[in-house]
Amino acid sequence: MALVSEADLKKIIVDGDNETLVAQAERVGSELARQLTTSQIRGIFGSVRRIELDWRNAERRAAAQREFALLQPRLAYQARKERGRGVEELRDVLTPAMRMVGADEQRFRNFVDFFEAILAYHRAAGGQ
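Quick note, in this note's numbering, the sequence shown goes up one by one and the last residue is 154.
Structure below.
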């Protein structure tokens, strides 16, 4: 079973529902704290932050959107390469959320906020 339902992801990414974002990020972050190291999650989040910087620049937005799309296969590769289920479960949450973003700037911001909240709750729950 998925950690976050598609309906909840839609509320978070498409609708920008902050309550759902916080509740689901806490659930995911706490669950992943036992299976995922901080360096694993931060490596992926660092890529998202770099993409975010380019996304804000109108001249680099198309390149940022391409990098964001390519993050999905990179995440799939990392999930396959790493030991344990932590990266797989993170991939299972992030990939459908990334597909909902498309080229929409507000949806991308909602995605970044959701991922940042997952990271914060992961650390708060004792993630290594």
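The C-beta atom is built at its ideal place from N, Cα and C for all residues, glycine as well.
**Asked** Quick one: what does DSSP say residue 29 is sitting in, helix, strand or coil?
**Response** Indexing the sequence shown from 1 puts residue 29 at position 3. Here residue 29 sits in coil by DSSP.
**Asked** Going by beta carbon distance, what residues of the same chain come within less than 6 Å of residue 123, once the five residues before and after it are set aside?
**Response** The residue labelled residue 123 in the question sits at position 97 within the sequence shown. Contacts found: 35, 39, 137.
**Item:** Backbone secondary structure at residue 125 - three-state DSSP
**Value:** To locate residue 125, count along the sequence shown from 1; it is residue 99. Reduced to three states, the DSSP call for residue 125 is helix.
**Item:** For residue 61, three-class secondary structure by DSSP
**Value:** On the sequence shown, position 35 is the one that residue 61 refers to. Coil.
**Item:** Short Cβ contact (9 Å threshold) for residue 77 with residue 116
**Value:** For the purposes of this step, residue 77 is taken as residue 51 along the sequence shown, with counting starting at 1. For the purposes of this step, residue 116 is taken as residue 90 along the sequence shown, with counting starting at 1. No, the Cβ-Cβ distance between residue 77 and residue 116 is not below 9 Å.
**Request:** State the start and end residues of the unbroken alpha helix (DSSP H) segment that holds residue 40.
**Result:** Translated into the one-based positions of the sequence shown, residue 40 becomes position 14. Unbroken run through residue 40: none, as it is neither H nor E.
**Request:** Assign residue 108 to one of three DSSP states: helix, strand, or coil.
**Result:** Taking the sequence shown and counting its residues from 1, one reaches residue 108 at position 82. Three-state DSSP puts residue 108 in coil, outside helix and strand.
**Message:** Can you confirm whether the segment 145-154 touches the segment 75-91 when touching is taken to mean that 3 or more C-beta pairs between the two stretches lie within less than 8 Å?
**Reply:** no
**Asked** With a CB to CB cut of under 7 Å and the five nearest residues on each side skipped, what residues in its chain are close to residue 151?
**Response** Within the sequence shown, the letter at position 125 stands for residue 151. 55, 56, 59, listed in sequence order.
**Item:** CA-to-CA distance, residue 94 to residue 47, given in whole angstroms
**Value:** To locate residue 47, count along the sequence shown from 1; it is residue 21. To locate residue 94, count along the sequence shown from 1; it is residue 68. Each residue's Cα considered, the two are about 20 Å apart.
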